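At position 218 of the sequence shown (counting the first as 1) the number is 218 in UniProt numbering, and the numbers step up by one without a gap.
Backbone N, C-alpha and C define an ideal beta-carbon position, used for all residues, glycine too.
From a predicted model like this one, the values you see are computed outputs, not experimental measurements.
See below for the structure under consideration.
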Amino acid sequence: MGLEFTLHERSALYGMLADNVDDVIVKSDARGFILSASPALACFGVELPAMLFGPHIRDLVAPAHAASLEAEHGEVLAGRGQSGWQEYRGAEGGWFEIRMSALRDERGRPYGVLAMMRSVTERKLLEDRLFTAELTDPLTRLTNRVAFTAMLDYLVEGDAEGCVALFDLDHFMTLNMAYGHAAGDDLLRAFADLLGSLTRSDDILSRVGGERFAVLMPQIDPVSARDLCEPIIETLAALGRGARDCAVTASCGVTPLAASVDQTIKRAELALFMAKAKGRSRVEIDHGGDDRSAARPDRAALSALVRHIS
């Protein structure tokens with residue numbers, strides 16, 4: 001059995017909905033001017049009793065969303081059915097969702113629109129926080145490996161020019177064991193701050209592993225990228241020399257963006273390994289080239305390299 005209401009019951013139901021602070025009922029004419037609304041509309045920055053003339057529905061949203069809301073209003077009036085829930089940024093900066101239905105006279109002709117609105121600002125803020133958490137390293141507040149890979153992929157797919165620099169804190173595990181995890185965390189945060197202070201504003205900084213950091217450097221050649229990274233290595237080494245019984249250094253590998261994300265990362269890692277093999281606390285460049293013809297170390301040479309940097 002369907003729900004049926006008397007005129008008095010409908011009036012009472014409308015009153016209950018109109019007083020609900022979460023849901024706002026808005027009645028507009030065919031041109032989009034608001035004729036009446038529940039008191040909670042004030043939460044969206046519109047106070048009808050204080051207005052000499054009724055506002056338009058476009059006054060509810062940010063300017064960039066006005067045309068979209070008016071188009072939705074027109075679609076409903078044209079008889080294309082009840083709209084689904086649509087999200088818009090409010091004129092006051094928050095977010096709301098709205099659903100509209102046409103009002104028709106006895107002959108079925110539309111004369112206005114009845115809409116229900118509700119704030120979704122808290123949900124949007126939560127979504128933003130969750131999105132940020134998914135892409136941010138909680139210790140250093142830099143972007144994490146997932147974000148770095150996505151941004152690198154975007155640049156590679158767009159055939160952009162630039163370089164990747166991989167930094168690795170030398171002997172970090174030894175320092176971590178000698179001074180404790182809290183001191184290790186402090187070192188990671190301090191190095192993240194150092195990167196931020198000595199790189200360009202458009203460089204993208206990420207912590208991509210335990211003691212490994214990556215810098216995505218758009219619009220730069222490998223030599224210029226090396227010149228930018230060397231002061232970071234030198235500054236850290238100087239700070240480490242000033243600390244009693246705690247020599248802190250880092251190694252860095254630089255490579256230009258390659259044809260794929262995997263190629264770019266592998267080349268940057270190779271340059272980083274070479275920096276460690278040559279004594280650490282330095283920057284090495286892998287200039288890239290054709291992977292199919294590039295010389296590759298044999299197994300014995302690779303094993304010797306791994307033993308040297310371990």
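- A contact is defined here as three or more CB-CB pairs under 8 Å, and the region 214 to 227 fails this definition with respect to the region 179 to 188.
- Relative to the Cα of A160, the nearest Cα in the group A268, P256, L41, R58 belongs to P256.
- By the Cβ neighbour-count rule, F96 is buried, with 16 or more other Cβ atoms within 10 Å of its own.
- Between the alpha carbons of R129 and P39 lies a gap of roughly 31 Å.
- Apart from the 5 residues on each side of it in sequence, E230 sits with its Cβ closer than 7 Å to the Cβ of V283 in its chain, given in chain order.
- Exclusion of the five residues before and after A237 leaves T249, S281 as the residues of its chain whose Cβ lies within less than 6 Å of its Cβ.
- Restricting attention to L114, D23, R80, the CA atom closest to the CA of S36 is found in L114.
- Taking every protein chain shown into account, the CB of H73 has 16 or more other CB atoms within 10 angstroms, so this residue is buried.
- The C-beta distance from L187 to L175 rounds to 7 Å, short enough to meet the 8 Å contact threshold.
- The beta carbon of Q219 sits closer than 7 Å to the beta carbons of E161, G162 from its chain, once the five residues preceding and following it are set aside; these are given in chain order.
- Only residues of its own chain outside the window of five on either side were considered, and among them D168 have a CB closer than 6 Å to the CB of R212, listed in chain order.
- With 16 or more other Cβ atoms inside 10 Å of its own Cβ, S28 counts as buried.
- The beta carbons of A214 and S201 sit no closer together than 7 Å.
- Judged by DSSP in its simplified three-state form, T235 adopts helix.
- The DSSP-derived three-state label of D185 is helix.
- Straight through space, the alpha carbons of D153 and R58 are spaced by roughly 39 Å.
- For V208, there is no enclosing beta strand (DSSP E), as DSSP gives it neither H nor E.
- In this structure, M116 lies near R99, with their beta-carbon atoms less than 7 Å apart.
- If you check the CB distance, L155 and T143 do not come in under 7 Å.
- Rounded to the nearest whole angstrom, the C-alpha separation of L60 and I25 is 13 Å.
- DSSP places E97 in no alpha helix (DSSP H) but in the uninterrupted beta strand (DSSP E) bounded by 95 to 104.
- If you look at I57, you'll find it isn't in any alpha helix (DSSP H); DSSP assigns it neither H nor E.
- Rounded to whole angstroms, the gap between the alpha carbons of A147 and V76 is 40 Å.
- If you look at K276, you'll find it in the alpha helix (DSSP H) that goes 261 to 277.
- A residue is called buried once 16 or more other Cβ atoms fall within 10 Å of its Cβ, and T132, having fewer, is exposed.
- S197 counts as exposed, since fewer than 16 other C-beta atoms from the protein chains shown sit within 10 angstroms of its C-beta.
- One thing to note: C252 has its Cβ within 7 Å of the Cβ of I233.
- For R189, the closest of G240, P63, V261, L139 by C-alpha to C-alpha distance is L139.
- Scanning H65, S119, M274, R241 for the CA closest to the CA of D23 turns up S119.
- Restricting attention to T235, E70, C43, the CA atom closest to the CA of F191 is found in T235.
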